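Student:
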Amino acid sequence: MSSSSVVSFQRGHHSTRSSTPASTTTASSSFSHLSRPHAAPRSRKKRYTNSHTESVVTSTSTSKTPGQSSLKPPDNSFVAAVVEGRGAGAEIGMCFCNLKTSEVVLCQIADSQTYVRTLQKLNLYEPSEILVPTTAVEPVNSKLVRIIKESVPSSTITPVARRFFNDSTGLQYIQKYIIKEGSASLLLGIPTKYFCLAATAAVMRHIEETRNATFLNHSVQFKYQICEGSMVVDCATARNLELTVNLSTRNDKETLFGILNETLTPMGSRLLRSNILQPLTDERTINTRLDCVQELTQFEETFYALRTSLKAFNDVDHLITSFIQVPTKPSVKHSEQGINRIINLKHTLKSVAHAAQAVATCENRLLRTVHRLLTDQRLEQFSQQIDGVIEQNVVLEKTAVGLRNQRCFAVKAGCNGLLDVARQTYKETINDIFEVVNHYVDEYSLNLKVQFSVSMGYYLSTNVDQLEGGELPPIFINVVKKNKMVTFTTLELMKKNAKINDSLTEVYLMSDKIVNDLCSNIRSEIRILYKASEAIAMLDMLLAFAQSCTVNNYIRPEFADTLVIKQGRHPITEKLFSTPFVPNDTYISSASTFQIITGPNMSGKSTYLRQVALLTVMAQVGSFVPAEYAAFRIMDQLFSRISNDDSIELNASTFTVEMKETAYILQNITDKSLVIVDELGRGTSTHDGLGIAFAVCEELIHTRAFVLFATHFQDLASSLTVYHNVVNLHLETEIMHGERDSPGIIYKYHITDGSAKEEHYGLSLAKTLNLPTDITRRAQEVSFGLTGLQAKARRQSESNKVVARRRALAQIAHSVGLIQQSSQKMPRQELMQELRGAQREAITQLLSIRNALDITSDNAEP
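For the sequence shown, our numbering assigns the number 696 to the initial residue and increments by one for each residue that follows.
(1) Closer than 7 Å by C-beta to Ile1538: which residues in its own chain qualify, once you throw out the five before and the five after it? Chain order, please.
(2) With a 10 Å radius around its C-beta and 16 neighbouring C-beta atoms as the bar for buried, classify His1013 as buried or exposed.
(3) I'd like the span of the alpha helix (DSSP H) that includes Asn1211, first residue to last.
(4) Since I believe Val928 is in contact with Leu972 (beta carbons under 8 Å), could you give me their beta-carbon distance rounded to a whole number of angstroms?
(5) Which residue comes first and which comes last in the beta strand (DSSP E) that contains Gly1386?
(6) Let me know the secondary structure DSSP gives Thr1281 once reduced to three states.
(7) What do you reckon, are the CB atoms on Phe1147 and Val1096 nearer than 8 Å?
(8) Could you spell out the range, first to last residue, of the beta strand (DSSP E) harbouring Phe1404?
(9) Helix, strand or coil: how does DSSP classify Val835 here?
(10) Can you tell me where the alpha helix (DSSP H) holding Gly1112 begins and where it ends?
(11) Note down the Cα distance separating Gly1512 from Gln1534, rounded to an integer number of angstroms.
(12) Within the continuous beta strand (DSSP E) that includes Gly788, where are the two ends?
(13) Considering only the beta carbon of each residue, do Val988 and Gly1317 sit closer than 8 Å?
(14) What are the start and end residues of each continuous beta strand (DSSP E) run of 3 or more residues lying completely inside the stretch 1246-1296, in chain order?
(15) Going by the DSSP bridge assignment, what does His1425 pair with across the sheet?
(16) Classify Gly1299 as helix, strand or coil using the three-state DSSP reduction.
(17) Can you give me the start and stop residues for the beta strand (DSSP E) that Lys1355 sits inside?
(18) To the nearest angstrom, report how far apart Ser724 and Tyr1203 are at their CA atoms.
(19) Based on the DSSP secondary-structure assignment, which residues constitute the bridge partners of Asn912?
(20) Please say whether Met1297 and Thr1311 have beta carbons closer to each other than 8 Å?
(21) How would you write the range of the alpha helix (DSSP H) that Pro961 sits in, first residue to last?
(22) Tell me the rounded alpha-carbon separation between Gly1532 and Arg984.
(23) If I measure Cβ to Cβ from Phe1240 and keep anything under 6 Å in the same chain, skipping five residues before and after, which residues do I get?
(24) By DSSP, does Arg1531 sit in helix, in strand, or in coil?
(25) Hey, would you say Phe1404 sits closer than 8 Å to Ile1291, going by beta carbons?
(26) Excluding the five sequence neighbours on either side, which residues of its own chain have a C-beta within less than 6 Å of the C-beta of Lys1045, listed in chain order?
(27) Go ahead and pull the three-state DSSP assignment for Phe952.
(28) Over what stretch of residues does the beta strand (DSSP E) that includes Arg1067 continue unbroken?
(29) Taking the Cβ atom as the reference point for each residue, do Lys1261 and Ala1308 lie within a distance shorter than 8 Å?
(30) Kindly list the residues whose CB is nearer than 8 Å to the CB of Gln1519, restricted to its own chain and excluding five residues on each side of it in sequence; keep chain order.
(31) Provide the residue(s) that pair with Lys1177 in DSSP beta bridges, ordered along the chain.
(32) So, helix, strand or coil for Glu990, using DSSP?
(33) In terms of residues, what are the limits of the beta strand (DSSP E) holding Tyr810?
(34) State the start and end residues of the unbroken alpha helix (DSSP H) segment that holds Arg1336.
(35) DSSP three-state label for Pro848, please.
(36) Using alpha carbons as the reference points, say which of Asn1100, Lys888, Asp1082 and Asp1127 lies closest to Lys1107.
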């Protein structure tokens, strides 16, 4: 029985146990046997001694997470509510509640028609369940619900009656549960945030109704989050860049989060993930973090002392939840865990003191703030209160007998005289049970084992082989045979168990009252535990950055109006592969905001694009970056359009996904955004793809955002050079012309100026892949023949092009003249629109003339 504790009594081998007089037998001799679970013989024992009662409690070391809430929420334990205003604007109210950490986050956003910031918040918290009003799904799903289902498919959408989204009720919930200290500012501003209050009401009621739990009054830390101050990273970009989930393995190890996650606490890990998905945009805050990382890397002794101190921490947020979340109906288990909560807090406070001591010598402003929070006098008062009531060496318990003994003896002797008497009775009855078992062993010549379970108390067992004739003496009752074991009890043991239960009832009543009073004192100042947890999380994340910097040879980034990276490296790729990574330079300024990258397949275009984006994210979370030098412009948004496999979940073709993501970028881009686009237009015909890519490029060029655009369209690279802020780059490759039938391509993975030259990479690659020689030879003849025809057609139509170009220029000059004549009567904004329209029309005409020759060449017969 896995929940039982066992001690064996063998015939002729119990004299040392029985030689101890019953009047002087200590609990050590009894409990040391009773605490060994039969199912876990290799467990380690830990003890504490009560000098007043001569008792020793033993426990089995387990992997249980201390402070575990009675709610047992799923791994992804956020519950969210989303409600949209009925006006013309997209005003969205949201509430997120983490059942494990009791974190409640409120947001109210004036969002765009694509709900970009709403989706970012949902992607950040990944709620397991999203509550929406029934009016949003009946009779059909609203636009918001449809977009949420598409973008957050892992979350369950739960319709809730619209009347439960009540802002007045939400405000009452907040006023009831919010921690009083520091709540004035939130309570002052929140009453006008009607939509997030309505979402709060729905979430709180849902928890009460479905989770059978509630919070204690004035124990929850509510946070109101604004969107300003953080970079927008949409769901598709987070997925494409593998910020937190690897596209192939579906885990977080081979991601940016996995590479940077050198954290040692659950709180630090959660904070790191949150920052990666919404990097900072405040330069001062970022530089403060970078200062911390730099200081931690410079002082080795402090760094290792802090890392050592953090290793002792359990989940402090989870511990806080265990104090403030209570079941709606009283439960024995919740009461039993009271001692464990106190013991876990005792352990946590000790770890906090060690961390505070280690960070005391730091000089950075942020680290000084961490030290101040960790040395708050109220934390020391908690320790003193616990030490005044709880035994010094008490440890966490999980086994049935361990929990029972713990509840009996964790409270110090002398706190309550009646409690001491009841515990003495309990110990004496335990001793009596072992004396009775010794008597049975002597009288019936049986090797007996004493076992314990919650339902039966103490009972006996033995091996069937020990029985003569297969039967037990009549004194043994309630016999149950199972395999080769038989369990049973006696009337005497049942009487002793009843007496033990009577003693335990008295002990529990008095012990639980002392523990509950202690818990109440702690709950009244619970806010300082929230602050300490946040301080530890920040310290842990900064130490993780320092660890990554030291191990991976990262450098501190700077911030400017340009994006400059010297010898930058892809942070994920360089860690996953043993071969040396080829570093690359990047330079983007106001004079080169749009950069076209060309090169054959497998030359490294996609890796280069992702590298620039990932290094930007790293810099804006406050991490050092893999490069020799790096300076970044603070980006307010990060967008990506990267060709991956078709979206099976959405049952959408490659081209459909391309157009959806491209439209999303064009609708939300600003001049402070960073955009990476890889192979736009590959999902349709060549001419349609080129046309769409050209039109999209023009629009992106005018935004002045920093754009990296990888493409196979050579014509696109040459056509866009008419814009002064367009730069052509390519990934170097080299074709080896060795023996006639064995050429090869050398990929150098190095970015350089200019567009890639057309060198028949496809033919060379086909030859390296052992395609039959006669096939590759014929393909080469056809390809070279077509190339020759195209060149001939260009030469023949050159004169026609000159005439057409002159005619087009005359038309353009005429159009500009008309605009000039009307310019003084036009508002400036209208004049700019007219000039921009004329510019686009002129470019379109000139390009159509230049490309006419190419179309003729494409249609030429070999």
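The beta carbon of each residue, even a glycine, is placed where N, CA and C say it ideally should be. As the structure is a prediction and not an experimental result, all values here were calculated from the model.
Tutor: The relevant details are as follows:
(1) Against the sequence shown, residue 1538 aligns to sequence position 843. Excluding sequence positions up to five before and after Ile1538, its CB lies within less than 7 Å of the CB of Val1417, all in the same chain and listed in chain order.
(2) If you number the sequence shown from 1, residue 1013 lands on position 318. Looking at its Cβ environment, which holds 16 or more other Cβ atoms inside 10 Å, His1013 is buried.
(3) For the purposes of this step, residue 1211 is taken as the residue at position 516 of the sequence shown. Note, Asn1211: alpha helix (DSSP H), Leu1186 to Arg1218.
(4) One-based indexing of the sequence shown puts residue 972 at position 277. One-based indexing of the sequence shown puts residue 928 at position 233. About 6 Å separates the CB atoms of Leu972 and Val928; that is less than 8 Å, so the two are in contact.
(5) Position 691 of the sequence shown, counted from the first residue, corresponds to residue 1386. For Gly1386, there is no enclosing beta strand (DSSP E); the enclosing alpha helix (DSSP H) has its first and last residue at Thr1381 to Thr1398.
(6) Within the sequence shown, residue 1281 is the residue found at index 586, counting from 1. Strand.
(7) As a first step, residue 1147 is located in the sequence shown; it is residue number 452 there, counting from the start. As a first step, residue 1096 is located in the sequence shown; it is residue number 401 there, counting from the start. Taking 8 Å as the Cβ cut-off, Phe1147 and Val1096 qualify as a contacting pair.
(8) On the sequence shown, position 709 is the one that residue 1404 refers to. For Phe1404, the uninterrupted beta strand (DSSP E) segment begins and ends at Phe1401 to Ala1405.
(9) Taking the sequence shown and counting its residues from 1, one reaches residue 835 at position 140. For Val835, the secondary structure class from DSSP, reduced to helix, strand or coil, is coil.
(10) As a first step, residue 1112 is located in the sequence shown; it is residue number 417 there, counting from the start. Where Gly1112 is concerned, the enclosing alpha helix (DSSP H) stretches over Gly1112 to Tyr1139.
(11) Here residue 1512 refers to the residue found at position 817 when the sequence shown is read from its first residue. Here residue 1534 refers to the residue found at position 839 when the sequence shown is read from its first residue. Each residue's alpha carbon lies about 13 Å from the other.
(12) What you label residue 788 is simply residue 93 of the sequence shown in a count that begins at 1. Ala785 to Asn793 is the span of the beta strand (DSSP E), which, as asked, contains Gly788.
(13) As a working mapping, residue 988 is identified with position 293 in the sequence shown. As a working mapping, residue 1317 is identified with position 622 in the sequence shown. Contact annotation: Val988 and Gly1317 have beta-carbon atoms nearer than 8 Å.
(14) Qualifying beta strand (DSSP E) stretches, in chain order: 1258-1263, 1279-1283 and 1289-1293.
(15) Position 730 of the sequence shown, counted from the first residue, corresponds to residue 1425. His1425 is bridged to Thr1293 and Thr1447.
(16) Position 604 of the sequence shown holds residue 1299. In this structure, Gly1299 counts as coil in the three-state DSSP scheme.
(17) One-based indexing of the sequence shown puts residue 1355 at position 660. No beta strand (DSSP E) holds Lys1355; the alpha helix (DSSP H) holding it covers Thr1349 to Asn1363.
(18) Position 29 of the sequence shown, counting from 1, holds the residue named residue 724. Position 508 of the sequence shown, counting from 1, holds the residue named residue 1203. With a pLDDT of only 32 at Ser724, under 50, the local geometry of the prediction cannot be trusted, and no value is derived from it.
(19) Sequence index remark: in the sequence shown, residue 912 carries index 217 (1-based). Answer by DSSP bridge pairing: none, since Asn912 is not bridged.
(20) As a position in the sequence shown, residue 1311 is number 616, starting the count at 1. As a position in the sequence shown, residue 1297 is number 602, starting the count at 1. Cβ distance not < 8 Å, so Thr1311 and Met1297 don't count as in contact.
(21) The residue labelled residue 961 in the question sits at position 266 within the sequence shown. For Pro961, the uninterrupted alpha helix (DSSP H) run begins and ends at Pro961 to Leu972, by DSSP.
(22) To locate residue 1532, count along the sequence shown from 1; it is residue 837. To locate residue 984, count along the sequence shown from 1; it is residue 289. Those two C-alpha atoms are separated by around 46 Å.
(23) Position 545 of the sequence shown holds residue 1240. Same-chain partners within the cutoff: Val988 and Ser1318.
(24) Along the sequence shown, read from residue 1 onward, the residue named residue 1531 stands at position 836. DSSP, read as helix, strand or coil, puts Arg1531 in helix.
(25) Here the question's residue 1404 lines up with position 709 in the sequence shown. Here the question's residue 1291 lines up with position 596 in the sequence shown. Cβ atoms of Phe1404 and Ile1291: closer than 8 Å.
(26) Position 350 of the sequence shown, counted from the first residue, corresponds to residue 1045. For Lys1045, where only same-chain residues beyond five positions count, there are no Cβ hits under 6 Å.
(27) Within the sequence shown, residue 952 is the residue found at index 257, counting from 1. Helix, per DSSP.
(28) Translated into the one-based positions of the sequence shown, residue 1067 becomes position 372. Segment Arg1060 to Leu1069 is the alpha helix (DSSP H) holding Arg1067; no beta strand (DSSP E) there.
(29) For the purposes of this step, residue 1261 is taken as the residue at position 566 of the sequence shown. For the purposes of this step, residue 1308 is taken as the residue at position 613 of the sequence shown. Not in contact: Lys1261 and Ala1308 (Cβ atoms no closer than 8 Å).
(30) By one-based count along the sequence shown, residue 1519 stands at place 824. For Gln1519, where only same-chain residues beyond five positions count, there are no Cβ hits under 8 Å.
(31) Position 482 of the sequence shown, counting from 1, holds the residue named residue 1177. Residue pairing by DSSP places Lys1177 opposite Met1180 in a beta bridge.
(32) For the purposes of this step, residue 990 is taken as residue 295 along the sequence shown, with counting starting at 1. Secondary structure at Glu990: helix, using DSSP grouped into helix, strand and coil.
(33) The residue labelled residue 810 in the question sits at position 115 within the sequence shown. It is not in any beta strand (DSSP E) - Tyr810 carries neither H nor E in the DSSP assignment.
(34) Looking up residue 1336 in the sequence shown gives position 641. Annotation for Arg1336: no alpha helix (DSSP H) segment contains it, though the beta strand (DSSP E) segment containing it runs Gln1332 to Arg1336.
(35) Position 153 of the sequence shown holds residue 848. The DSSP-derived three-state label of Pro848 is coil.
(36) Position 412 of the sequence shown holds residue 1107. Minimum Cα distance to Lys1107 is reached at Asp1082.
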